[in-house]
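J.: Quick one: the structure is below, questions incoming.
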Amino acid sequence: FLTKPLKKLKPEVLTILRMGVYQLKFMNGVPDSAAVNESVKLARKNGCEYACSLINSVLRKVSLSEIEYPETDNAIYNLSIKYSAPETLVKHFCNDYGVENAEGILKLSLQRPKICAKVNTLKTNSDELIASLNKCGVEAHKSDIIDGYIEFDSIQSVESLDEYKNGLFHIQDLSSALCVKALQAEENQTVVDVCSAPGGKAFTAAEYMNNKGRIIAFDIYEQRVDLIKKSAKRLGIDIIDARCHDSSITDESLKDVADRVLCDVPCSCLGTINRKPEIKYKDFGFVDKLCELQYNILLNSSLYLKQDGLLVYSTCSLNKNENENVCDRFLKENGNFEKFCEYRTLLPHIDNTDGFFIAVLRRKS
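Counting from 1 along the sequence shown, just add 1093 to a position and that's the residue number in our numbering.
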């Protein structure tokens, strides 16, 4: 699009061109005409009036062209450039899930995440909640993935809504919804949620239990325990006993008391890059220590389960070392447990959720 090398452009002109191209090709909310016109205005405002015709011409040509990414024989490098991801991360996804799935994961990591909510069935239902939201100008629709959930059609400041303040819903991605569904919590059961804060999964379990039974919810930090208590009160849930406890250490008083155990362990969060984009720049060196912590939490949590009880191990990571490998090791070293069903990995581009892993394990009779 230029007749002279980039290095001959003044820095301010090159910067304006780069900003304009980014708006044209990577910002869906900016009309092409606006991106071009505002770039020209910016040039005039910054003493670059001599370059206005150049900027206008180049950006108009760019707006009419397709993006052409540099192609090499190195698929890892190509995906790294196309999706602005470190090659180490691209290689990891390719190794664990294949090149096609890796590209799907990376593509979704650049898109705006959905905002989903669990309808508080102790107080309302999906139809009533959506109708109430619509009255105040908030658009939402029922989830087609799981009953009792809604999806907001646009980004909202949900905490300012009366429906939120009155405890008619809590925010929860559909991956977490499927995780709690797999727990199969029922009325009058005892459930232990070992890494609970901010408490969303415990709240969902309580609603499935019709607020009857007992849920013990752990977190290592007192302020996060207070957050669980505050949110439970807002939702009208009174069966949650939130406690400050380090789940890598066994609570001897809870051995053999739980019908269900939820073990949603700390993880690398590689399934939630679109929510936390800084994650993709983390050094993978910390994962080995993390896997050991995950295993220890799983091992300690398993001691709380009654015979025939179910334990759900989950992460929001897409990393087989944190997921399948931790569970396989646990089953190999603990013969009194078995798979209740096959492991499930949720891939963002296939399942329309965050990236997530769910394993349901059963303690044998």
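Using N, Cα and C, we set each Cβ at its ideal position, and we do this for glycine too. Just so it is clear, the structure is predicted and the values come from calculations on it, not from any experiment.
Report buried or exposed for M1302, applying the criterion of at least 16 other Cβ atoms within 10 angstroms of its Cβ.
T.: So M1302 ends up on the buried side.
J.: Just to check my reading of the structure: S1268 and F1449 have Cβ atoms closer than 8 Å, yes? What is that Cβ distance to the nearest angstrom?
T.: The Cβ separation is near 4 Å, so the contact holds.
J.: Just the C-alpha distance for C1409 and E1426, rounded to the nearest angstrom, thanks.
T.: Cα to Cα, C1409 sits roughly 24 Å from E1426.
J.: For the alpha helix (DSSP H) holding L1392, just list the boundary residues, first then last.
T.: Run containing L1392: 1380-1395, per the alpha helix (DSSP H) assignment.
J.: Quick check on DSSP: helix, strand or coil for R1034?
T.: With the chain running from 1094 to 1458 in the structure shown, residue 1034 is simply not present.
J.: Name the one or two DSSP bridge partners that L1398 has.
T.: Bridge partners of L1398: A1351.
J.: Suppose you measure from the CA of R1056 to the CA of L1424; what does that come to, to the nearest Å?
T.: Not covered by the structure: residue 1056. The range shown for the chain is 1094 to 1458.
J.: R1353: which of T1096, N1218, M1112, A1278 sits nearest, CA to CA?
T.: Comparing Cα positions, the closest option is A1278.
J.: For L1135, collect the residues of the same chain with a Cβ closer than 6 Å to its Cβ; drop the 5 residues on either side in sequence, then sort them by chain order.
T.: Closer than 6 Å at Cβ, skipping near neighbours: I1109.
J.: Pair every Cβ in the segment 1207-1218 with every Cβ in the segment 1326-1346, then say whether three or more of these pairs are closer than 8 Å.
T.: Short answer: they touch.
J.: Among K1228, N1227, N1259, E1221, which one has its Cα closest to the Cα of G1241?
T.: Cα-wise, what sits closest to G1241 is E1221.
J.: Among the candidates G1292, I1313, V1285, whose CA atom is the shortest distance from the CA of L1403?
T.: Of G1292, I1313, V1285, the residue nearest in Cα terms is V1285.
J.: Just to confirm the assignment, what range does the alpha helix (DSSP H) spanning I1451 have?
T.: No alpha helix (DSSP H) contains I1451, which is instead part of the beta strand (DSSP E) from 1449-1456.
J.: Using 8 Å as the threshold, is the C-beta distance between L1396 and T1446 below it?
T.: The answer is no: Cβ separation not under 8 Å.
J.: Which first and last residues belong to the alpha helix (DSSP H) in which K1118 is found?
T.: Here the alpha helix (DSSP H) through K1118 covers 1104-1119.
J.: D1286 by DSSP, collapsed to three states: which one?
T.: In this structure, D1286 counts as strand in the three-state DSSP scheme.
J.: Using 8 Å for Cβ pairs, my map puts S1394 next to C1272. What's the rounded Cβ distance?
T.: Not a contact, Cβ separation roughly 15 Å.
J.: Taking its Cβ as the centre, do 16 or more other Cβ atoms sit within 10 Å of F1262, making it buried, or is it exposed?
T.: The residue in question, F1262, is buried, as its Cβ has 16 or more Cβ neighbours within 10 Å.
J.: Are there 16 or more other CB atoms within 10 angstroms of the CB of D1237, so buried, or fewer, so exposed?
T.: It counts as exposed.
J.: Going by the CB atoms, is the gap between V1453 and F1433 shorter than 8 Å?
T.: Contact: yes.
J.: If we ignore side chains and look at the alpha-carbon of each, how far apart do K1274 and E1180 end up?
T.: Each residue's alpha carbon lies about 36 Å from the other.
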